[in-house]
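Novice:
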């Protein structure tokens, strides 16, 4: 048994890691916390993992009743009442042209602020708030095809998964919300 504890002390000494002394514990041992971590809300929609900087999020709500709005594109579900404020509700999977799932028990509406306006983003499920080191972020590859590329602000590696950080300003561009006259929305005649 003594051999195992000696190996542990040797390994700690070689690693350069400091270990707390009795005095550290007596006075409230604290670990150094990185101040440069970026906090993002991770969520799934259309089977993919996405994220938003926590500062862009106002709240997370259960799906609410909506009223359809004429002449809007198919990704605008309608308008909803959030504590007396009427906000547009966007089906994020449809906006990103992903597989659209029916609203279920894990579905949530992310209330976000963009250009001094509130919007609701319907997502399949919310995971967690993550603290991500700046070195984990990468710019999106320039060769990404399709309209989704413009909605990506950055990518972050999380072990084996990649978190796609969305660009709210591009995603919620008001010009994209209005359907041109005479052009039917997808799925509607």
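Numbering (my numbering), first residue to last: 1 to 189. We put the beta carbon where it would ideally sit given N, CA and C, even for glycine. Treat the numbers as computed from the prediction; the structure is a model and nothing was measured.
1) Indicate whether residue 77 and residue 66 have their beta-carbon atoms separated by less than 7 Å.
2) DSSP three-state call for residue 124: helix, strand or coil?
3) Under 8 Å, with one C-beta from each stretch per pair, do the stretch 127-143 and the stretch 100-119 reach the 3-pair mark?
4) Helix, strand or coil for residue 95, going by three-state DSSP, please let me know.
5) Quick test of the definition: if touching needs 3 or more C-beta pairs under 8 Å, does the stretch 117-125 touch the stretch 74-94?
6) Identify which residue in 39, 157, 40 and 114 has its Cα closest to the Cα of residue 171.
7) So, helix, strand or coil for residue 181, using DSSP?
8) Short of 8 Å in beta carbon distance, which residues of its chain neighbour residue 191, apart from the five on each side in sequence? Order them along the chain.
9) Report all residues from its chain with a CB closer than 7 Å to the CB of residue 48; omit the five preceding and five following residues, and keep chain order.
10) Which term fits residue 37, buried or exposed, when burial requires 16 or more other beta carbons within 10 angstroms of its beta carbon?
11) Assign residue 112 to one of two classes, buried (16 or more other C-beta atoms within 10 Å of its C-beta) or exposed (fewer than that).
12) Please state whether DSSP places residue 170 in a helix, a strand or coil.
13) Locate the beta strand (DSSP E) running through residue 54, then write down its first and last residues.
Specialist: Concretely, from the data shown:
1) Yes, they are a contact pair.
2) coil
3) no
4) helix
5) yes
6) 114
7) Because residue 181 carries a pLDDT of 48, less than 50, the predicted location of this residue cannot be relied on, and no value is offered for it.
8) Absent from the structure is residue 191, since the part of the chain shown begins at 1 and ends at 189.
9) Once the five neighbours on either side are set aside, the close Cβ partners of residue 48 are 98 and 164.
10) exposed
11) buried
12) For residue 170, the three-state secondary structure derived from DSSP is helix.
13) First-last for residue 54: undefined, no H or E at that position.
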